[in-house]
Amino acid sequence: MNFAHKTILFFFNLMYPLKIINKENVPKDGAIFCCNHFSALDCGYVAKLYNKDIYFMAKKELFKNKLVGGLVKSFGGISIDRENIDMKSMLECLKVLKGQHKLVIFPEGTRNKIDDNLQPLKSGSTVFAVKSKTPIVPMVILKKAKFLRKNYLLVGKPIYFEEFYGKKLTEEDIKKMDDILAENMRNLHKELKEKVQKRKK
0 MNFAHKTILF
10 FFNLMYPLKI
20 INKENVPKDG
30 AIFCCNHFSA
40 LDCGYVAKLY
50 NKDIYFMAKK
60 ELFKNKLVGG
70 LVKSFGGISI
80 DRENIDMKSM
90 LECLKVLKGQ
100 HKLVIFPEGT
110 RNKIDDNLQP
120 LKSGSTVFAV
130 KSKTPIVPMV
140 ILKKAKFLRK
150 NYLLVGKPIY
160 FEEFYGKKLT
170 EEDIKKMDDI
180 LAENMRNLHK
190 ELKEKVQKRK
200 K
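Residue 90 in numbering that gives the first Met the number 0 is what sits at position 91 of the sequence shown, and the numbering runs on without skipping anything.
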């Protein structure tokens with residue numbers, strides 16, 4: 000991370016304070032960070048958790064504007080067609096993971112504009128985990144980022160899908176893994192709400 004990136008994150012930290020809970024659950028080696036999604040500012044929150052050797056799956060529309068696209072790419076953004084992930088993008092993501100880096104995926108696929116409940120997850124995250132033989136670290140943000148308002152990020156324990164390594168995945172296998180991830184993230188969000196409520200009492 001260069002000086003410009005560090006400067007941007009410094010001011011982001013001041014404007015959008017965040018309390019991270021269970022940071023010790025982040026493994027040292029490669030991993031997929033799966034987080035719920037409220038706004039583009041969520042990327043800044045995850046970068047606070049881990050600000051080195053981190054890459055983000057970003058919708059291809061962000062790269063249409065050269066200025067915005069250049070900034071996203073400089074922060075580790077990988078262009079993804081949410082409706083049809085091409086082989087080039089898949090190989091780029093797998094290269095990141097096999098290089099023992101961190102890849103951030105927002106598995107809801109789009110921003111949650113309705114409420115703070117987890118939306119249905121799109122398939123893909125768990126397949127990347129199996130193909131690269133890396134764990135998924137589920138995590139949840141409490142609510143949508145607001146200027147100068149404290150937010151919370153809870154990090155769950157890594158999920159390993161070792162029983163599926165080297166196996167030709169069926170639709171049933173993928174659904175089973177996706178359900179495990181979704182359940183973990185729902186439980187984490189419920190746990191985070193309860194923790195924050197206790198802190199406010």
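Glycine residues also receive a C-beta, built at the ideal position from the N, C-alpha and C atoms.
I104 (DSSP reduced to helix, strand or coil): The answer is strand: DSSP assigns I104 an E or B state.
Meets three-Cβ-pair contact criterion under 8 Å: the segment 55 to 68 and the segment 131 to 138: Output reads no: the segment 131 to 138 does not touch the segment 55 to 68.
Beta-ladder partner(s) of F32, from DSSP: Beta-bridge partners of F32 (DSSP): V103 and V136.
Stretch pair the segment 36 to 55 + the segment 180 to 189: three plus CB contacts closer than 8 Å: The segment 36 to 55 and the segment 180 to 189 do not touch, with fewer than 3 CB-CB distances between them shorter than 8 Å.
Neighbourhood of V103 by C-beta distance below 6 Å, restricted to the same chain and skipping five residues each side: Counting only Cβ-Cβ distances below 6 Å, and skipping sequence neighbours, we find F32, V45 and F55.
Member of F127, F62 and E107 whose CA lies at the smallest distance from the CA of E91: Looking at the Cα atoms, F127 is the closest of the given residues.
Three-pair Cβ contact test at 8 Å for the segment 140 to 153 versus the segment 2 to 15: Touching, yes, given that three or more Cβ pairs across the two stretches are closer than 8 Å.
Buried or exposed by the 16-neighbour rule on C-beta atoms within 10 Å, applied to T6: By the Cβ-count criterion, T6 is exposed, with fewer than 16 other Cβ atoms from all chains shown falling within 10 Å of its own Cβ.
Beta-carbon separation (whole angstroms), M176 vs T125, contact threshold 8 Å: Rounded to the nearest angstrom, the Cβ distance from M176 to T125 is 4 Å, consistent with a contact under 8 Å.
Proximity to L141 [Cα-Cα], best of G75, S38 and A30: It is S38 whose Cα lies nearest to the Cα of L141.
Inter-residue Cα distance where the pair is L168 and K27: Answer to the nearest angstrom: the Cα atoms are 27 Å apart.
For L120 and L152, the rounded distance between their alpha carbons: One C-alpha to the other measures close to 19 Å.
When C34, K166, L96 and L61 are compared against T133, the one with the closest alpha-carbon: Answer by Cα proximity: L96.
Cβ shell of E107 (< 8 Å), same chain only, five flanking positions each side left out: For E107, where only same-chain residues beyond five positions count, the Cβ hits under 8 Å are N35, H36, L117, Q118, P119, L120 and K121.
For A39, three-class secondary structure by DSSP: In the structure shown, the three-state DSSP call for A39 is coil.
Collapsed DSSP secondary structure at L226 in the structure displayed: In the structure as shown, the chain starts at 0 and stops at 200, and residue 226 therefore has no counterpart that could be examined.
Cβ-based neighbour list, L191, same chain, cut-off 7 Å, excluding 5 preceding and 5 following: Cβ neighbours of L191 beyond the five flanking positions: V139, L141, Y151 and L153.
Short Cβ contact (7 Å threshold) for F163 with V129: Annotated as proximal: F163 and V129, with beta-carbon spacing under 7 Å.
Close Cβ partners of L70 (< 7 Å) along its chain, the five nearest in sequence each way excluded: Within its own chain, no residue has a Cβ closer than 7 Å to the Cβ of L70 once the five positions on either side in sequence are excluded.
Exposed unless 16 or more other CB atoms sit within 10 angstroms - verdict on A57: Only buried fits A57, as 16 or more other CB atoms lie within 10 angstroms of its CB.
Rounded straight-line distance, which links the Cα of K189 to that of S88: When only Cα atoms are considered, S88 and K189 end up about 33 Å apart.
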